[in-house]
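J.:
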Amino acid sequence: MLPDTEHTPRITIAGASGFIGTALCRELARDYPVTALTRSQARAQTPDPDTRITWRHCDLYDLAELTHALKGCDYAVYLVHSLAPSSRLTQAAPRDMDLILADNFARAAAANGVRQIIFVSGLMPDTFRISTLLWSRREVEMALTAHGVPVTILRAGLVVGPGGSACRLMVELVHRIGIITLPPNARTRTRPIALGDLIRAIRHTLGTPEQYRGHFDLGGPDCISYEDMLRTTARLLGLKRRFLTLPWLPGAIVALGARWITGTPTALVAPVMESLPRDTRLKDNPLQRFIDQDAIPFEQALNDALDHRRKRLLPNPRQPIHKKTRAELRQASRVRSIQRIIQPPGQDAAWVAGNYFRWLGSCCRPFVKTTVLTDPHSGEDTGYQVHLRPGGLMLLQLERDIQAGTKDRQIYRITGGLLARKATQRGRFEFQSVLGGRYTMAAIHDFAPSLPWYLYLWTQAVAHLLVMRRYQRHLARLAR
5 MLPDTEHTPR
15 ITIAGASGFI
25 GTALCRELAR
35 DYPVTALTRS
45 QARAQTPDPD
55 TRITWRHCDL
65 YDLAELTHAL
75 KGCDYAVYLV
85 HSLAPSSRLT
95 QAAPRDMDLI
105 LADNFARAAA
115 ANGVRQIIFV
125 SGLMPDTFRI
135 STLLWSRREV
145 EMALTAHGVP
155 VTILRAGLVV
165 GPGGSACRLM
175 VELVHRIGII
185 TLPPNARTRT
195 RPIALGDLIR
205 AIRHTLGTPE
215 QYRGHFDLGG
225 PDCISYEDML
235 RTTARLLGLK
245 RRFLTLPWLP
255 GAIVALGARW
265 ITGTPTALVA
275 PVMESLPRDT
285 RLKDNPLQRF
295 IDQDAIPFEQ
305 ALNDALDHRR
315 KRLLPNPRQP
325 IHKKTRAELR
335 QASRVRSIQR
345 IIQPPGQDAA
355 WVAGNYFRWL
365 GSCCRPFVKT
375 TVLTDPHSGE
385 DTGYQVHLRP
395 GGLMLLQLER
405 DIQAGTKDRQ
415 IYRITGGLLA
425 RKATQRGRFE
435 FQSVLGGRYT
445 MAAIHDFAPS
455 LPWYLYLWTQ
465 AVAHLLVMRR
475 YQRHLARLAR
């Protein structure tokens with residue numbers, strides 16, 4: 005709970021257009037001015053009936069833009085997950101995108117003197133075996149805490165509320181299938197939490213970083229299996245369903261079937277499937293004891309999230325703008341490509357950037373050569389040109405952003421060349437050290453190719469990915 009002060013604190017919510025973010029905006033806006041950050045131009049341009057909520061378009065991959073967006077922010081809530089595409093073509097693993105976004109957010113928050121970041125993470129198992137999804141959440145936790153801003157981490161399991169992807173998956177399965185086959189780990193038990201209880205927890209910890217710094221496990225009052233949740237869903241919908249547990253049913257087959265039957269994207273099915281393998285045990289903490297007092301049972305939370313007339317879950321608040329957002333991405337025809345590179349000990353992003361461009365010329369010989377651009381007065385490297393052999397045609401020109409660059413972050417603006425669209429110069433190639441120098445993220449953002457789109461997909465895009473994979477292996481050998 006925010007302390008009483010003469011200055012009214014300003015709260016910024018990143019990832020505000022999701023079902024948690026939308027509900028949180030409504031709750032906090034009753035008492036505080038809220039800035040809701042979204043990557044969707046369509047959502048930012050849609051007026052909000054609550055005048056205390058300011059929707060703002062912000063590209064979280066652009067550190068300068070994000071730093072400007074957090075200006076004047078006192079407290080921030082981070083709800084970003086890279087489950088939906090952010091460009092027409094995305095060559096990146098979700099965990100790599102999440103890591104860059106979290107590192108950018110922590111840097112921008114530190115630059116603006118933000119007093120606290122609250123992050124909704126996932127429940128971590130008491131084992132060394134951890135799913136890819138949960139390890140990504142753990143990396144985001146580490147990235148957010150790496151730049152000095154106090155961080156409150158709320159580790160919650162399945163969040164039950166209108167528009168939630170996991171709840172939608174359960175409702176659609178029960179609605180469409182008469183006999184539901186389940187893997188044996190669907191009987192593992194977890195602690196689903198109602199959206200209202202999660203929002204209570206966020207509100208309670210907001211403004212108290214000294215008391216709630218670190219991570220806190222959160223769950224609802226019911227310790228229940230996924231099979232029992234499906235049975236409860238069927239009962240609330242008034243549907244008779246049979247459930248069969250098959251001892252050797254692979255999780256991959258279940259995920260594929262769920263995707264095909266419900267039409268839910270793989271990016272949304274995978275998190276639910278990855279949370280199945282083992283029982284969840286909450287670590288006792290004061291925040292869990294606080295929400296236990298009036299915690300909402302699973303059945304009540306799900307019942308409140310259902311449209312009983314349609315026998316469906318109430319829609320996700322992002323749904324009305326989903327088509328507009330996809331149309332925006334298609335029209336812009338931009339590319340994002342991110343690769344995680346192991347950073348050799350004692351080196352930094354500046355070293356990796358220089359090494360990459362020098363290596364590129366030798367890697368692609370005899371087809372491509374790279375030329376270093378230097379300042380005639382200082383002799384400092386100012387960028388690179390990539391030329392085609394023979395003939396010397398310039399394919400790309402990249403100019404180093406000297407003012408914005410640091411040893412752990414190098415930015416090269418894509419300013420010319422036959423392969424870059426001339427109408428825009430937002431494209432850039434960034435090298436960014438993360439997690440204390442453990443990795444360098446090599447990322448192309450907002451690149452607009454000049455080739456026809458489908459020709460680009462099967463030529464330049466493939467070539468870039470193959471080159472970056474080879475460079476990953478090259479630097480991994482140096483890092484041994």
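FYI, in the working numbering the residues of the sequence shown are 5 to 484.
Idealized CB from N, CA, C, for every residue including glycine.
(1) With a 10 Å radius around its C-beta and 16 neighbouring C-beta atoms as the bar for buried, classify D54 as buried or exposed.
(2) Quick check: the Cα distance between V144 and R207, rounded to an integer number of angstroms?
(3) For Y216 and S341, I'd like the C-alpha separation in whole angstroms.
(4) CB-CB under 8 Å to P196, same chain, minus the five flanking residues each way: which ones, in chain order?
(5) Pick helix, strand or coil for K373, following the three-state DSSP scheme.
(6) Excluding the 5 residues flanking D102 on each side, which residues of the same chain have their C-beta closer than 6 Å to its C-beta?
(7) Thinking C-beta only, is N116 closer than 8 Å to L64?
(8) Pull up the DSSP beta-bridge partners for H61, would you.
(9) Alpha carbon to alpha carbon, how far is F294 from L240? Give it in angstroms, no decimals.
(10) Could you compute how far the alpha carbon of L158 sits from the alpha carbon of T194?
(11) Spell out the partners DSSP gives E434 in its beta bridges.
(12) Could you check whether the segment 376-383 touches the segment 313-320, counting it as contact only if at least three pairs of C-beta atoms, one from each stretch, sit closer than 8 Å?
(13) Determine the extent of the beta strand (DSSP E) in which Q343 is found, giving its start and end residues.
(14) Do L74 and T16 come within 8 Å of each other at the CB atom, strictly closer than that value?
(15) Would you mind stating whether G167 and F23 have Cβ atoms separated by less than 8 Å?
(16) Report the residue ranges of all alpha helix (DSSP H) runs contained in full by the segment 300-359; include only those spanning at least 4 residues, in chain order.
(17) Starting from I184, follow its DSSP beta bridges and name the residues at the other end.
(18) Give me the residue from R142, T156 and A106 with the minimum Cα distance to I122.
(19) Which residues mark the beginning and the end of the alpha helix (DSSP H) in which Y36 is found?
(20) Which of the three DSSP states is assigned to R193 in this structure?
(21) Can you give me the start and stop residues for the beta strand (DSSP E) that V3 sits inside?
(22) What's the gap between the Cα of L41 and the Cα of F435?
(23) To the nearest angstrom, how far is the alpha carbon of A190 from that of G420?
(24) Tell me whether the beta-carbon of T71 lies closer than 8 Å to the beta-carbon of A112.
(25) With 16 as the cutoff for other CB atoms within 10 Å, does T39 come out buried or exposed?
(26) Among L210, V118, G358 and T249, which has the Cα closest to the Cα of D35?
(27) Classify L482: buried if its beta carbon has 16 or more other beta carbons within 10 angstroms, exposed otherwise.
(28) Pair every Cβ in the segment 348-360 with every Cβ in the segment 452-462, then say whether three or more of these pairs are closer than 8 Å.
(29) With F123 as the anchor, note down where its beta strand (DSSP E) starts and where it stops.
(30) In the DSSP assignment, find the unbroken alpha helix (DSSP H) run with I406 in it and report its ends.
(31) Taking the C-alpha atoms as reference points, what is the distance between Q476 and I346?
(32) Does the separation of the CB atoms of T237 and V339 fall below 8 Å?
(33) From what residue to what residue does the beta strand (DSSP E) around A292 run?
(34) Cβ of Y416 within 8 Å of Cβ of L402?
(35) D221: buried (16+ other C-beta within 10 angstroms of its C-beta) or exposed?
(36) Could you check which residue in G409, D405, D412 and G365 has the C-alpha nearest to that of Q389?
T.: The structure says:
(1) The residue labelled residue 54 in the question sits at position 50 within the sequence shown. Result: exposed.
(2) In the sequence shown, the residue the question calls residue 144 occupies position 140. In the sequence shown, the residue the question calls residue 207 occupies position 203. So the two alpha carbons sit approximately 21 Å from each other.
(3) The sequence position of residue 216 within the sequence shown is 212, counting from 1. The sequence position of residue 341 within the sequence shown is 337, counting from 1. The alpha-carbon atoms of Y216 and S341 are separated by roughly 36 Å.
(4) One-based indexing of the sequence shown puts residue 196 at position 192. Only G161, L162, V163, V164, G223, G224, D226, I228, M233, F302 and A305 meet the Cβ criterion.
(5) In the sequence shown, the residue the question calls residue 373 occupies position 369. Strand.
(6) As a first step, residue 102 is located in the sequence shown; it is residue number 98 there, counting from the start. Taken in chain order, the residues that qualify are S86, S140 and V144.
(7) Numbered from 1 along the sequence shown, position 60 holds the residue referred to as residue 64. Numbered from 1 along the sequence shown, position 112 holds the residue referred to as residue 116. Contact flag unset, no.
(8) In the sequence shown, residue 61 corresponds to position 57, counting from 1. BP columns for H61 point to T42.
(9) The count along the sequence shown starts at 1 and reaches residue 240 at position 236. The count along the sequence shown starts at 1 and reaches residue 294 at position 290. When rounded, the distance between both Cα atoms is 29 Å.
(10) Locating residue 158 in the sequence shown gives position 154, counting from the first residue. Locating residue 194 in the sequence shown gives position 190, counting from the first residue. Cα to Cα, the separation comes out at about 16 Å.
(11) For the purposes of this step, residue 434 is taken as residue 430 along the sequence shown, with counting starting at 1. Looking at the DSSP assignment, E434 forms a beta bridge with I415 and A447.
(12) no
(13) On the sequence shown, residue 343 is found 339 positions in, with the first residue counted as 1. First-last of the beta strand (DSSP E) with Q343: V339 to I346.
(14) Taking the sequence shown and counting its residues from 1, one reaches residue 16 at position 12. Taking the sequence shown and counting its residues from 1, one reaches residue 74 at position 70. Contact: yes.
(15) Position 163 of the sequence shown, counted from the start, is the residue given in the question as residue 167. Position 19 of the sequence shown, counted from the start, is the residue given in the question as residue 23. In this structure, F23 lies closer than 8 Å to G167 by Cβ.
(16) 302-309 and 323-336
(17) Counting from one through the sequence shown, the residue named residue 184 turns up at place 180. F247.
(18) The residue you call residue 122 lines up with position 118 of the sequence shown. I122 has its Cα closest to that of T156, out of R142, T156 and A106.
(19) Translated into the one-based positions of the sequence shown, residue 36 becomes position 32. Where Y36 is concerned, there is no enclosing alpha helix (DSSP H), given that its DSSP letter is neither H nor E.
(20) Here the question's residue 193 lines up with position 189 in the sequence shown. Three-state DSSP puts R193 in a strand.
(21) Nothing about residue 3 can be read from this structure; the chain reaches only from 5 to 484.
(22) The residue given as residue 41 occupies position 37 in the sequence shown. The residue given as residue 435 occupies position 431 in the sequence shown. Their backbone Cα atoms lie some 25 Å apart in a straight line.
(23) On the sequence shown, position 186 is the one that residue 190 refers to. On the sequence shown, position 416 is the one that residue 420 refers to. Cα-Cα distance, rounded: 54 Å.
(24) Position 67 of the sequence shown holds residue 71. Position 108 of the sequence shown holds residue 112. The answer is yes: Cβ separation under 8 Å.
(25) Here residue 39 refers to the residue found at position 35 of the sequence shown. Answer is buried; the Cβ neighbour count reaches 16.
(26) In the sequence shown, the residue the question calls residue 35 occupies position 31. Measuring from the Cα of D35, the nearest candidate turns out to be L210.
(27) As a working mapping, residue 482 is identified with position 478 in the sequence shown. Exposed.
(28) no
(29) Position 119 of the sequence shown holds residue 123. F123 -> beta strand (DSSP E) spans Q120 to G126.
(30) Translated into the one-based positions of the sequence shown, residue 406 becomes position 402. Where I406 is concerned, there is no enclosing alpha helix (DSSP H), given that its DSSP letter is neither H nor E.
(31) Taking the sequence shown and counting its residues from 1, the one referred to as residue 476 is at position 472. Taking the sequence shown and counting its residues from 1, the one referred to as residue 346 is at position 342. Approximately 7 Å, taken between the alpha carbons.
(32) Working through the sequence shown from its first residue, we reach residue 237 at position 233. Working through the sequence shown from its first residue, we reach residue 339 at position 335. No.
(33) Counting from 1 along the sequence shown, the entry for residue 292 is found at position 288. Ala is not the amino acid found at residue 292; the sequence shown has Gln there. Careful: Q292 lies outside any beta strand (DSSP E), inside the alpha helix (DSSP H) at P290 to D296.
(34) Position 412 of the sequence shown, counting from 1, holds the residue named residue 416. Position 398 of the sequence shown, counting from 1, holds the residue named residue 402. Taking 8 Å as the Cβ cut-off, Y416 and L402 qualify as a contacting pair.
(35) The residue given as residue 221 occupies position 217 in the sequence shown. Counting Cβ neighbours within 10 Å, D221 comes out buried, since at least 16 surround it.
(36) Sequence index remark: in the sequence shown, residue 389 carries index 385 (1-based). The shortest Cα separation from Q389 among G409, D405, D412 and G365 belongs to G365.
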